[in-house]
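So the structure is just underneath, and the comments pick up after that.
There are 6 protein chains.
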Amino acid sequence: MSLLSLPDIMIEPAVRAALREDLGRAGDVTSDAVIPPAMQARVALVAREPGVVAGLDFARLAFRLVDPQIRLTPRLEDGARLQPGDNIADIEGPARGILTGERVALNFLGHLSGIASATRGIADAIAHTGARITCTRKTTPGLRFAEKYAVRAGGGANHRFGLDDAILIKDNHIAIAGGVGVAMARARAAAGHLVKIEIEVDTLAQLDEALAHGPDAILLDNMTPETLREAVRRIGGRAIAEASGRINAETAPAIAESGVDLLSAGWLTHSARVLDIGLDFLD
Amino acid sequence: MSLLSLPDIMIEPAVRAALREDLGRAGDVTSDAVIPPAMQARVALVAREPGVVAGLDFARLAFRLVDPQIRLTPRLEDGARLQPGDNIADIEGPARGILTGERVALNFLGHLSGIASATRGIADAIAHTGARITCTRKTTPGLRFAEKYAVRAGGGANHRFGLDDAILIKDNHIAIAGGVGVAMARARAAAGHLVKIEIEVDTLAQLDEALAHGPDAILLDNMTPETLREAVRRIGGRAIAEASGRINAETAPAIAESGVDLLSAGWLTHSARVLDIGLDFLD
Amino acid sequence: MSLLSLPDIMIEPAVRAALREDLGRAGDVTSDAVIPPAMQARVALVAREPGVVAGLDFARLAFRLVDPQIRLTPRLEDGARLQPGDNIADIEGPARGILTGERVALNFLGHLSGIASATRGIADAIAHTGARITCTRKTTPGLRFAEKYAVRAGGGANHRFGLDDAILIKDNHIAIAGGVGVAMARARAAAGHLVKIEIEVDTLAQLDEALAHGPDAILLDNMTPETLREAVRRIGGRAIAEASGRINAETAPAIAESGVDLLSAGWLTHSARVLDIGLDFLD
Amino acid sequence: MSLLSLPDIMIEPAVRAALREDLGRAGDVTSDAVIPPAMQARVALVAREPGVVAGLDFARLAFRLVDPQIRLTPRLEDGARLQPGDNIADIEGPARGILTGERVALNFLGHLSGIASATRGIADAIAHTGARITCTRKTTPGLRFAEKYAVRAGGGANHRFGLDDAILIKDNHIAIAGGVGVAMARARAAAGHLVKIEIEVDTLAQLDEALAHGPDAILLDNMTPETLREAVRRIGGRAIAEASGRINAETAPAIAESGVDLLSAGWLTHSARVLDIGLDFLD
Amino acid sequence: MSLLSLPDIMIEPAVRAALREDLGRAGDVTSDAVIPPAMQARVALVAREPGVVAGLDFARLAFRLVDPQIRLTPRLEDGARLQPGDNIADIEGPARGILTGERVALNFLGHLSGIASATRGIADAIAHTGARITCTRKTTPGLRFAEKYAVRAGGGANHRFGLDDAILIKDNHIAIAGGVGVAMARARAAAGHLVKIEIEVDTLAQLDEALAHGPDAILLDNMTPETLREAVRRIGGRAIAEASGRINAETAPAIAESGVDLLSAGWLTHSARVLDIGLDFLD
Amino acid sequence: MSLLSLPDIMIEPAVRAALREDLGRAGDVTSDAVIPPAMQARVALVAREPGVVAGLDFARLAFRLVDPQIRLTPRLEDGARLQPGDNIADIEGPARGILTGERVALNFLGHLSGIASATRGIADAIAHTGARITCTRKTTPGLRFAEKYAVRAGGGANHRFGLDDAILIKDNHIAIAGGVGVAMARARAAAGHLVKIEIEVDTLAQLDEALAHGPDAILLDNMTPETLREAVRRIGGRAIAEASGRINAETAPAIAESGVDLLSAGWLTHSARVLDIGLDFLD
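Quick mapping for you: the protein sequence lines, in order, are chains A, B, C, D, E and F.
First residue of the first sequence: 3, per the numbering used here; consecutive thereafter.
First residue of the second sequence: 3, per the numbering used here; consecutive thereafter.
First residue of the third sequence: 3, per the numbering used here; consecutive thereafter.
First residue of the fourth sequence: 3, per the numbering used here; consecutive thereafter.
First residue of the fifth sequence: 3, per the numbering used here; consecutive thereafter.
First residue of the sixth sequence: 3, per the numbering used here; consecutive thereafter.
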């Protein structure tokens, strides 16, 4: 069963905006000048490096919104692993429209596949543990819904989508509020019954204080695997344990083996390289 | 004289959209719950690593749109070089609003400073030559105007902003049109008098063919420094020479020393890491 | 401490849209024709019936967006109880603008105060118990964020803000999925670590089945107070207990006394009468 | 002949906004998790109480925008009277999409049918007279066009759609302008030839003064049936007579029997209960 | 008393859109390159030909949205007559912003002043009669509210603002409906009490038929002054008489002298030349 | 090969906005009242005067967005020359929708065809020379992309689309910057490699100074044909020569015969009369 669907109504505004950004006030002057309007083309979206694909619906919409006669037929689904040369989708239709939509389609596809691939890299590295990799709110402005989707496509879990869908008490909140206890009490009083409360701690002493107030989750920031192991022992299943700080494919296994439930990494969404996907003209 | 200005009217829609994306339907439930409304704070935007700052107006608007009482005072200007610990700006105002706006402000600032820093890295590496570094249309959907600005802040030059503001004839255009000559002729007939024409070539033979049609610029794709040197010789100042393919801080000097006018790199805008900038609470 | 804040950036689009809806293509032709432009006025927002006020920021913005010279000075805060004749706010400025903005301001204020007042009615009726009143997704299209806010102003708690911020498995989901067990298992696998899972049950038998899968909350639909009492006993604190169906000021006390944590009612947001608030010209 | 049509282009923005409001940044996480993507369903929109249906096009668009494969087949038209159990429309298509669109479709349908039903209640109560029921500008922000449409579906007439499409001189206008005469003269001078002028009066003395200036319509506010009868006599067909204040199913007949042309009631649009319409899964 | 006001909230979207259209994705590259940021300027908006000014608020907003430090001080009001060399407004502030906003400000001001001037030309030509000049729905897409305002500024009256604010039965409506009688009867049944009904006739026979059904206004299309005189006689004050077809400064007096109430002309809004207004740098 | 294409995605927002502007809050009350919903119609778009057609896609979209059952079949293409009576397109579908969409379709078609026709008039007048006619940024706010397209349809060339896609140094820039040399130097330093630089000169002396700095194009403002001839001689092919000022069908030939490359005229887009195109009902 797919956990990945986004209805077109959620995708379409972003794709329309990207096309208008690229078409500007005169449209694709190169293709209009150089390509005869009746010319048809068949092209393939092809992986140029290993990774995981994400964003096929964005690419499909980009071509369709440029010209409804263009048909994109997926050969793979979002979340599929890619090897160099893999055919991701076939595209047929007027050559002009395919050339016009190419860059926007690839910009979405490369960006989201890059995030999915980075996520998959960590997910694979910790697959032998019970931990999962998750993202943060450190996303590219305007694309959070899409980047969170790409994390899911890469086998990751989603964290908060915004400031409004869970309470996450960070160090500055605690400092300004005047301590873990008062912050937790205020959060508890304010939270709706379907809103979970997470609190960030930097030390085991803070952890003990936090645990006394029964949070749903605890963010263990920048701890060594050894300290994490002790933290997990103290939490004892009473809250979800999330580790953050310096998560990458090398560090992730040891962190995950500490017994935490989650590893979170901002760079998945803000600094992942695009995945190199190209568009090959077949005839 | 600054070449970097973007009027707020160009920035504001992106910042508003990012704030609404983060505030969702309930706003900042954590700060609302935990921080007393009358609490004031003073914080500093501080560089955590070396680089170049870009996006201060985006950060200023993010805080002001959350709460007009928040005042951001820049200590540096976009384009300034950063060392770890450098104070980029001071921010004063209601603590709630500062915490609410923090993530959006940093998401813009980190993303754009990352691009500026990457650009500056190449610009410095080729500073001993006459060449400049430039970007492409491989940008993050919806943020092209901002990312192109960040490239300028990093000392780079801008390429096309969209499909509509210059003609760039690529390999697929040539193939579908039926050759360099017919493509150039059609482009010439269609271009407005302020529209330049650039054409991509992969070999010296293609270069010779292209030169016969008098393009304003030639994109020399994936050539070695030696081939580039020969290409520059053949162009002989009749067109701008732009080199693309595998541009990074290591390869850039040799490429630039070939005598080309421009080095273009898509990764500056699509794959640069964010620059680590933090927000420190002073009291 | 106020739990009620909505930054203006969240409110402004709705107020702008409402003003444009009312101003149409020619503006306020009556006031333009009849009221001299230099005329000033002082008016008061006054309660005409008992209730709770909500939406003052919407009213303030409505007047300010019509004419920045109009000043609204609140005499009460959102959430305050009202008696007939209570002065809610004073407004001063150009008479034309006050007359132009009056209807939009009152439409927001009456609608949101109506919801706050209805919520407060139930909250008061169950104040002797540990239960709270909450709302649903049965909101007026386009105004959910505002109506949820009004529920908070009336002393209520918020339920889900949308399909995306918690999992709520209803009868149709269970039927189509093929049973409580499979639905719960799929939900568990899909939910992020900050996403709670609630499941709806109609009978005690269903409740027992659901409890076996450890949901965070259980929606007990259309049960008598006696059955609710037994349900609460069986839940035994392992999940939040929410009662729904036929909640009003008469039925709420007995339902709340069953020991449930929450009473939810769609009519608070979709069918509450507006609260009668008027605008009195002082001179 | 139908007087009820609204082209989809007028409806679509409101439906898109409502869907995006409900789908948020992650979509329908429950249905995505619990319902297999290939599952099909047949459901019926069914009336749960007597009333009048309005808003079928809003429901149709809601489902179609979620998934174009969903087909809604109306069994009744807007304006039709409903009995409990009446089948309003059949819906077929992917089960996920039907569950995803259900709440938005019902929120529109229930809200607009509630207004149509309330209007029909008054229209029926005064059907033995020549008077008609009409609405006001006291509408829900953002939904005026839809609520006015629902009034028409319930057999009512529409009043002004905004501040711009007719002149309505109210008590405050008269007071600030300095009297009925000066207000009417200024209105007459400003009104376009297709713009009617209505004036509000509270007493028979004001009525006489107003009549001397030849308004197109007179709003008789809060008068007893007896006073209304005398007012109608004095108007003598020279202007449309509209009665407002405390209009409901009990008071309406006596008010209408006074001979007025119109009864206007704000609560039709601002305080009508939603009509209970449900969605039954057939298989 | 001014009948001309449009609140900024009605104007701002059009001005923002025009500025973004002009600024594109890189802003004003010429002024950014050439003008030092600290440079201040004083300029004057000056009439280059006789006419009537309209659109000062559009110009003021254009400059303010580019740079809030720019101050526009009107020397005249919309509707004022202009002679060549007249100073319309003074503008002070940063030179860059003034140069950046100049074109958008002048595009609005010239376009709307052109319409006002054309309208004033007809209004003056018929000032000795009781007739007024009015516009139509033949407006520039997106600017109807502004163009109708310019007609008022030029001394004209407004006709319908859209398809929705009055009934105007044209020849095609009559033909498809099956005659004047049936069309009028259907219109009467559908019209709200504040909606006027106008019907177009081409001959005196059609006029007689129309008059039998009591329309509020009659559009006498393409009749000679003599026929118009007879038509006015037959109407006898029972309806507003509007003449259309070939209205210009030469033909208007004779047409107006026929006794009609209104002359309507589409070209006022769709084909009026811009009025030449320039921006002079004072120092 | 057509150089005229605009993808629907560029056109649709303008057409939607125009339809909503015309439909307002109640839709087409006349057609709804008078025309039975099942009535079908066949109509033709017919030229009433000679000219050039432009905007057929705008008209097609206007009808389709009102009712997807309406089919517009073009008989000509944008850019075609028209004689009175020429059939431009056939339209079939529901009569109501055709009447509802008529005005918006014709407003676009008449406006854009008017611009195309005016452009063609000049283009024909200079066809015996090597010069082309071009437009300016003096366009109707919000419609620049469409008006520039219409210029192309009339055989003209496009100038800058906005402040951002080329550098055009005007007299005020030179004055504020402190001379031609400093302005050119700053522009050269700021311009991207695909951005051309044009400079305006009023005298031959200024021309000589400008030429020394190697601009891509020179705008020769308000010079006589004789002076233009001398200017062209001095330029000697080193830059594009553009003549502006008082360009019309009478003056254009002599100006073009001076040897300039381009004639530019603002009135093509800001003051061209609409072309008279009508909609004839066939049955």
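Using N, Cα and C, we set each Cβ at its ideal position, and we do this for glycine too.
Predicted, not measured: the structure shown is a model, and the values here were computed from it.
Check: Residues of chain C with CB under 9 angstroms from B/R22, in chain order?
Finding: The contacting residues are I11, M12, P15.
Check: What is the rounded straight-line gap between the Cα of F/V153 and the Cα of A/A35?
Finding: Computed Cα separation, rounded: 16 angstroms.
Notebook entry, point to check: How is the alpha helix (DSSP H) around D/P76 delimited, first residue to last?
Noted result: First-last for D/P76: 73-76, but that is the beta strand (DSSP E), not the alpha helix (DSSP H).
Note to self: I'd like to check one pair, A/D92 with A/G57: are the Cβ atoms closer than 9 angstroms?
What the structure shows: A distance of 9 angstroms or more separates the beta carbons of A/G57 and A/D92.
Checklist line | chain B contacts made by the segment 57-73 of chain F, where a contact means CB separation under 8 angstroms | finding: Those would be none; no residue qualifies.
Check: Can you list the residues of chain E that B/S7 reaches, using a CB-CB cut of under 8 angstroms?
Finding: From the beta-carbon of B/S7, the residues of chain E found nearer than 8 angstroms are G29, D34, P39, R98.
Notebook entry, point to check: If we cut at 9 angstroms on Cβ distances, does C/V197 have a partner in chain D?
Noted result: For C/V197, the answer is yes, since a Cβ of chain D falls inside 9 angstroms of its Cβ.
Checklist line | Cβ-Cβ distance between D/D263 and E/L196 below 9 angstroms | finding: No, Cβ-Cβ distance for D/D263 and E/L196 is not below 9 angstroms.
Notebook entry, point to check: Do C/R139 and C/H113 have their C-beta atoms within less than 9 angstroms of each other?
Noted result: With respect to the 9 angstroms criterion, C/R139 and C/H113 are not classified as neighbours on the basis of their beta carbons.
Note to self: Among D/E51, D/P227, D/P39, D/K172, whose alpha-carbon lies nearest the alpha-carbon of D/I201?
What the structure shows: Closest in C-alpha terms to D/I201, from the list D/E51, D/P227, D/P39, D/K172, comes D/K172.
Next item on the list: Inspect the CB distances between the segment 29-46 of chain D and the segment 272-281 of chain C and report whether three or more fall short of 8 angstroms.
Entry: Using a Cβ-Cβ distance cut-off of 8 angstroms, the segment 29-46 of chain D and the segment 272-281 of chain C are not in contact, since fewer than three pairs of beta carbons, one from each stretch, lie closer than that value.
Next item on the list: Pull up the distance between the alpha-carbon of E/V106 and that of E/Q71, whole angstroms please.
Entry: In a straight line, the C-alpha of E/V106 is about 17 angstroms away from that of E/Q71.
Checklist line | Spatial neighbours of A/D88 in its chain, beta-carbon cut-off 6 angstroms, leaving aside the 5 residues before and after | finding: Excluding sequence neighbours, A/D88 sits near A49.
Check: What residues from the segment 132-146 of chain C come within 8 angstroms of chain D, judged by C-beta to C-beta, listed N to C?
Finding: Correct list: R139, K140, T141, T142, P143, G144, L145, R146.
Check: What are the start and end residues of the alpha helix (DSSP H) that includes F/R2?
Finding: The structure shown has nothing for residue 2 of chain F, since chain F only spans 3 to 285.
Note to self: Please report whether the beta-carbon of E/S273 lies at a distance below 9 angstroms from any beta-carbon of chain C.
What the structure shows: It does not: the Cβ of E/S273 has no partner Cβ on chain C nearer than 9 angstroms.
Note to self: By alpha-carbon positions, which one of B/L265, B/A185, B/G261 ends up nearest to B/N224?
What the structure shows: The candidate whose alpha carbon is nearest that of B/N224 is B/L265.
Notebook entry, point to check: Should C/V184 go down as buried or exposed, given a rule of 16 or more other Cβ atoms within 10 Å for buried?
Noted result: Its Cβ having fewer than 16 others within 10 Å, C/V184 is exposed.
Next item on the list: Report all residues from its chain with a CB closer than 7 angstroms to the CB of F/G123; omit the five preceding and five following residues, and keep chain order.
Entry: Contacts found: A251.
Note to self: At a CB distance below 7 angstroms, what residues from the segment 72-90 of chain A approach chain D? Give them in sequence order.
What the structure shows: Within the segment 72-90 of chain A, no residue has its Cβ closer than 7 angstroms to any Cβ of chain D.
Next item on the list: On a CA-only basis, which of E/G164, E/L74, E/L213 is nearest E/T205? Give me that one, please.
Entry: Comparing Cα-Cα distances from E/T205 to each of E/G164, E/L74, E/L213, the minimum goes to E/L213.
Next item on the list: Please confirm if A/T253 has its CB atom under 9 angstroms from at least one CB of chain B.
Entry: At a cut-off of 9 angstroms between C-beta atoms, A/T253 does not count as an interface residue with respect to chain B.
Item checked: beta strand (DSSP E) segment containing A/E202, residue limits -> Counting along the chain, the beta strand (DSSP E) containing A/E202 begins and ends at 199-203.
Notebook entry, point to check: In whole angstroms, what is the alpha-carbon distance linking D/A148 and A/E211?
Noted result: Each residue's alpha carbon lies about 54 angstroms from the other.
Margin query: So, with DSSP's three-state summary, where would you put C/G87?
Written below: In the three-state DSSP reduction, C/G87 falls in the coil class, being neither helix nor strand.
Note to self: With the cut-off set at 9 angstroms, would you say F/P217 and F/E259 are in Cβ contact?
What the structure shows: Going by beta carbons, F/P217 and F/E259 fall outside the 9 angstroms limit.
Check: Buried or exposed: which applies to A/G238, given that a residue is buried once 16 or more other Cβ atoms fall within 10 Å of its Cβ?
Finding: So A/G238 counts as exposed.
Check: Assuming E/R134 and E/G158 make a contact with CB atoms under 8 angstroms, what is their CB distance in whole Å?
Finding: About 7 angstroms separates the two Cβ atoms, so the contact holds.
Notebook entry, point to check: Along the segment 165-189 of chain F, what residues have a CB closer than 7 angstroms to any CB found in chain E?
Noted result: Within the segment 165-189 of chain F, the qualifying residues are L165, D166, D167, I169, L170, I171, N174, H175, A177, I178, A179, A185, R188, A189.
Note to self: So, with DSSP's three-state summary, where would you put E/L264?
What the structure shows: E/L264 falls in the strand class under three-state DSSP.
Notebook entry, point to check: CA-CA distance, E/L67 and D/T136?
Noted result: Going from the Cα of E/L67 to the Cα of D/T136 covers about 42 angstroms.
Margin query: Using 9 angstroms as the threshold, is the C-beta distance between D/R146 and F/R18 below it?
Written below: Their beta carbons are not under 9 angstroms apart, which means D/R146 does not touch F/R18 by this criterion.
Check: Looking at the structure shown, is E/S273 part of a helix, part of a strand, or coil, going by DSSP?
Finding: Collapsing the DSSP output to three states places E/S273 in coil.
Next item on the list: Assuming F/P9 and A/G29 form a contact by the criterion Cβ under 8 angstroms, report the distance between their Cβ atoms to the nearest whole angstrom.
Entry: Contact flag correct, Cβ pair sits at about 6 angstroms.
Item checked: Per DSSP, cross-strand counterpart(s) of D/A1 -> Nothing in the structure corresponds to residue 1 of chain D, since chain D is present only between 3 and 285.
Next item on the list: Tell me, please, which residues DSSP counts as bridged to E/G183.
Entry: DSSP, once it has assigned bridges, lists no residue as partnering E/G183.
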